[in-house]
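Q: As given, the protein sequences belong to chains C and B, one line each in that order. Just so we're aligned, residue 0 is where the first sequence starts under numbering that gives the first Met the number 0, counting upward by one. Just so we're aligned, residue 0 is where the second sequence starts under numbering that gives the first Met the number 0, counting upward by one. Attaching a single structure in structure tokens format; questions to follow.
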Amino acid sequence: MAETGRDSLLWNGNTETPALLASRCRDCGTKGFPPRTVCGQCYSTIQERITLPRRGTVFAFCRLFSRGDSYGKGPQTVGYILLEDGMLIPARLLFGDELLQIGTPVVLSAGPGKPPPEKTEQQSAYYFVPENKGEGRWR
Amino acid sequence: MEIAVIGLGITRFGYFPGLSLENLAAEAVQKALADAGVGPAHIDLACSANVLASSLQQEFTLGQKILWELGIKKIPVLNLENACSSGSSAFYLTCLAVQAGAAEIGLVIGTEKMHLPGNSILSGAATGAAEAQAGFSVPALFALRANRYMHTYGATAADLALVAVKNRRHASLNPLAQFREPITTEDVLNSTPVAGPLTRLSCCPLSDGAAAVLICNKKRAKRYQSRPVYVAASVLLSGSYTNPPSLTGWEVDERAAAKAYAMAGAGPEDLDVVELHDAFTIAEIMHYEGLGLAGPGEGVRLLKEGATSLGGSIPVNPGGGLLSRGHPLAATGVAQIAEIALQLRGEAGARQVPGARLGLAHCMGGDLQGDARSVTVHILKK
């Protein structure tokens with residue numbers, strides 16, 4: 000029985016060199032994120048583990064004011080990132096407002112994740128930041 | 000299909016802390032029985048839709064509890080969850096059962112109580128692993144689509160707000176709607192921000208409520224109802240989950256609509272009235288396009304021309320939509336079908352679409368990989 004769908008299966012957990020984990024079908028080449036055990040196109044069960052490109056562009060974004068399963072106080076920014084290989088993935092964004100627009104180049108980064116529940120360790124999490132770090136205010 | 004709608008009942012939608020799920024459902028079912036002129040003993044199959052009671056109230060097999068209240072027993076009872084399209088999926092399933100001859104009269108019930116502690120429907124509860132990791136909420140999924148739609152087609156936040164204004168105007172004519180006080184574009188834009196560009200008035204409310212319909216084989220419909228409404232198409236489909244997904248539409252809408260139009264032998268141009276899934280303002284515009292009421296990127300124009308307002312060429316959400324009638328999740332899909340049936344019977348009162356003969360009810364449930372998990376399309380005819 001294969002495990003799927005867990006946070007730890009979404010990325011390598013390495014804050015220095017973060018990478019998103021995905022699957023690629025050996026039979027038809029279709030990629031899956033999160034990684035899959037059965038191909039969504041051809042149903043093949045021969046799926047190899049790959050990492051996705053670290054770079055992409057903002058495809059859509061929004062400021063989230065309601066508190067959901069969030070990263071703490073204050074509005075959060077979330078978006079869909081169009082990666083260099085054409086995969087579109089949901090992700091958290093750490094951005095200054097002035098940089099935030101559709102088409103902005105971004106790169107995968109990682110740091111502290113959601114505030115941990117009591118008596119549990121702080122986990123790290125991945126997010127995307129602007130590729131050009133020299134500009135704008137960060138949040 | 001060989002199915003007719005012979006009875007319908009809807010409760011007022013809103014905030015009813017003193018009423019239980021069974022109270023709400025019983026009122027809807029009793030209204031439907033009275034409408035069809037049949038007694039509880041005539042029901043020989045029932046399908047009950049509900050989304051939240053299992054997680055919020057530790058309920059299960061709610062349908063049997065509802066029916067017990069009404070004295071209905073010894074029949075096949077099904078309990079169904081399909082997110083926001085639970086009620087319309089229950090209708091779909093009951094149509095199949097009656098068409099197959101498994102029952103003479105089938106009862107469809109949609110019931111929901113959302114004003115309860117621990118309701119996390121708007122948080123990440125209803126999304127996938129990667130969306131939850133990113134901190135997505137349900138409004139975020141729609142705000143992101145709004146962002147992409149506005150970028151692609153040049154629509155504005157004020158354009159989107161017109162959906163909420165229109166549906167509130169319609170709801171002002173519906174005595175069962177949760178919100179009936181008219182609102183303006185400024186009210187929508189200036190209400191509490193939820194997920195940019197969506198504000199509180201751009202999002203459907205939390206609601207309690209229930210709806211029920213009775214169906215039978217169309218050959219026997221006139222035994223029970225002098226003005227039966229016939230089911231011309233009943234479609235339920237799931238997403239294709241291909242990557243990259245389209246954020247400016249849901250391809251399931253198009254597949255479900257095409258299948259329904261083929262079943263009904265009709266097209267979007269033949270429709271007189273539509274109820275569709277306006278959980279958020281942007282959704283109504285994108286569903287215009289998915290159902291073929293407008294071409295890609297033409298939804299805002301259709302709205303601004305007034306075509307989808309009462310009095311327009313194709314009124315959409317005459318009952319007030321999810322935005323203003325309210326959205327008790329599993330009740331919605333049943334209430335939409337009941338609203339279309341009322342319209343085709345000519346009994347919709349102040350919100351009646353004159354001479355309506357063909358109507359469509361569309362419902363969408365859940366998001367997975369940027370695609371809809373389920374879409375239902377029902378076409379009803381006079």
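Ideal placement from N, C-alpha and C gives every residue a C-beta, glycine not left out.
1. CB-CB under 8 Å to B/L382, same chain, minus the five flanking residues each way: which ones, in chain order?
2. Which whole-angstrom value describes the C-beta separation of B/Q335 and B/S87, a residue pair presumed to lie in contact below a C-beta threshold of 8 Å?
3. Does C/C41 pass the burial test, meaning 16 or more other C-beta atoms within 10 Å, or should it be called exposed?
4. Cα separation between B/V299 and B/V315?
5. Does any CB atom of chain C fall closer than 8 Å to the CB of B/S373?
6. Span of the alpha helix (DSSP H) holding B/T93?
7. Helix, strand or coil: how does DSSP classify C/R138 here?
8. Classify C/E83 as buried or exposed, calling it buried when 16 or more other Cβ atoms lie within 10 Å of its own Cβ.
9. Does the stretch 103 to 111 of chain C come close enough to the stretch 158 to 166 of chain B to have 3 or more Cβ pairs within less than 8 Å?
10. Cβ closer than 8 Å: which chain B residues qualify as neighbours of C/L81?
11. Whole angstroms is fine: what's the gap from C/P33's alpha carbon to B/P353's?
12. With DSSP as the reference, please indicate the residues paired to B/M363 in a beta bridge.
13. Can you list, in chain order, the stretches of the alpha helix (DSSP H) that have 4 or more residues and sit fully within the stretch 193 to 226 of chain B?
14. Which ranges would you report for the alpha helix (DSSP H) in the stretch 323 to 351 of chain B if only whole runs of at least 4 residues count?
15. Comparing the C-beta of C/R138 with each C-beta of chain B, is any distance below 8 Å?
16. Under 8 Å Cβ-Cβ, which residues of chain C neighbour B/E130?
17. Using beta carbons (cut-off 8 Å, strictly below), is C/A18 in contact with chain E?
18. Considering only DSSP beta bridges, list what C/W10 is partnered with.
19. With 16 as the cutoff for other CB atoms within 10 Å, does B/G195 come out buried or exposed?
20. Just to confirm my understanding: we take B/L301, look at its own chain, exclude 5 residues before and 5 after, and list those with CB closer than 7 Å. What are they?
21. Under a CB-based cut-off of 8 Å, is C/G135 close to chain B?
22. Output yes if chain C places a C-beta closer than 8 Å to the C-beta of B/L246; else output no.
23. Give the interface partners of B/S308 over in chain C, defined as CB-CB distance under 8 Å, in chain order.
24. Put B/K306 into one of helix, strand or coil per three-state DSSP.
25. Could you pull the start and end residues of the alpha helix (DSSP H) that B/N146 belongs to?
26. Buried or exposed: B/T155, going by 16 or more other Cβ atoms within 10 Å of its Cβ?
27. Check the Cβ-Cβ distances between C/D62 and every residue of chain B, and say whether any is below 8 Å.
28. Mind listing the chain C neighbours of B/H150? Cutoff is C-beta to C-beta under 7 Å, in chain order.
29. Could you tell me which of B/A209, B/E304, B/S85 and B/A231 sits nearest to B/Q98, measuring between CA atoms?
30. Between the Cα of B/P327 and those of B/G358, B/Y240 and B/L51, spot the shortest distance and give me the residue it belongs to.
31. What residue range is occupied by the uninterrupted beta strand (DSSP E) comprising B/A232?
32. Can you tell which of B/G8, B/T10 and B/A337 has its C-alpha closest to the C-alpha of B/V398?
33. How is C/V37 classed by DSSP in three states: helix, strand or coil?
34. Taking a Cβ distance cut-off of 8 Å, strictly less, list which residues of the stretch 170 to 194 of chain B are near chain C, in chain order.
35. Could you check the C-alpha separation between B/T331 and B/G248 for me, to the nearest Å?
A: Taking the geometry as given:
1. With chain B represented from 0 up to 381, any question about residue 382 of chain B goes unanswered, as that position is not in the structure.
2. The C-beta distance from B/Q335 to B/S87 rounds to 7 Å, short enough to meet the 8 Å contact threshold.
3. If you draw a 10 Å sphere on the C-beta of C/C41, you find fewer than 16 other C-beta atoms in it, and that means exposed.
4. If you take the alpha carbons of B/V299 and B/V315, they lie about 13 Å apart.
5. B/S373 does not count as touching chain C.
6. In the DSSP annotation of this structure, the continuous segment of the alpha helix (DSSP H) that includes B/T93 starts and ends at S85 to Q98.
7. Unreliable placement is indicated for C/R138, whose pLDDT of 42 sits below 50; no coordinate value is reported for it.
8. Exposed, since its Cβ has fewer than 16 Cβ neighbours within 10 Å.
9. The stretch 103 to 111 of chain C, when compared against the stretch 158 to 166 of chain B, does not touch it at the 8 Å Cβ threshold.
10. Residues of chain B passing the Cβ test: P243.
11. C/P33 and B/P353 have their C-alpha atoms spaced approximately 50 Å apart.
12. B/M363 is bridged by DSSP to B/V374.
13. 220 to 223, all fully within the stretch 193 to 226 of chain B.
14. With a minimum length of 4 residues, the unbroken runs of alpha helix (DSSP H) contained wholly in the stretch 323 to 351 of chain B fall at 328 to 344.
15. With a pLDDT of 42 at C/R138, under the threshold of 50, the predicted position of this residue should be treated as unreliable, though the coordinate-derived value follows. For C/R138, the answer is no, since every Cβ of chain B falls outside 8 Å of its Cβ.
16. By Cβ distance, chain C contributes P89.
17. Structure shown: chain E not included; protein chains present are C and B.
18. For C/W10, which the question treats as bridged, DSSP gives the partners C/L19.
19. Counting other Cβ atoms within 10 Å of its Cβ, B/G195 reaches 16 or more and is therefore classed as buried.
20. Closer than 7 Å at Cβ, skipping near neighbours: Y287, L292, A293 and T307.
21. Low confidence applies here, because C/G135 scores a pLDDT of 43, under 50, leaving its location unreliable; read the following figure in that light. No, its Cβ sits nowhere closer than 8 Å to a Cβ of chain B.
22. Interface criterion met: the Cβ of B/L246 is under 8 Å from a Cβ in chain C.
23. Simply none; closest approach about 28 Å.
24. At residue 306 of chain B the sequence reads Ala, which differs from the Lys that was named. Collapsing the DSSP output to three states places B/A306 in coil.
25. Residues V137 to Y152.
26. By the 10 Å Cβ count, B/T155 comes out exposed.
27. The residue asked about is misnamed: residue 62 of chain C is Arg in this sequence, not Asp. Closer than 8 Å to some Cβ of chain B, the Cβ of C/R62 qualifies, so yes.
28. Within 7 Å Cβ-Cβ: I101.
29. Per the Cα distances, B/A231.
30. The residue among B/G358, B/Y240 and B/L51 with its C-alpha nearest the C-alpha of B/P327 is B/L51.
31. For B/A232, the enclosing beta strand (DSSP E) starts and ends at V228 to S237.
32. With chain B covering 0 to 381 only, the question about residue 398 of chain B has no answer from this structure.
33. Looking at C/V37 - three-state DSSP - the assignment turns out to be coil, as it is neither helix nor strand.
34. Those residues of the stretch 170 to 194 of chain B that come within reach of chain C (Cβ to Cβ, closer than 8 Å) are T191, P192, V193 and A194.
35. When rounded, the separation of the alpha-carbon atoms in B/T331 and B/G248 is 21 Å.
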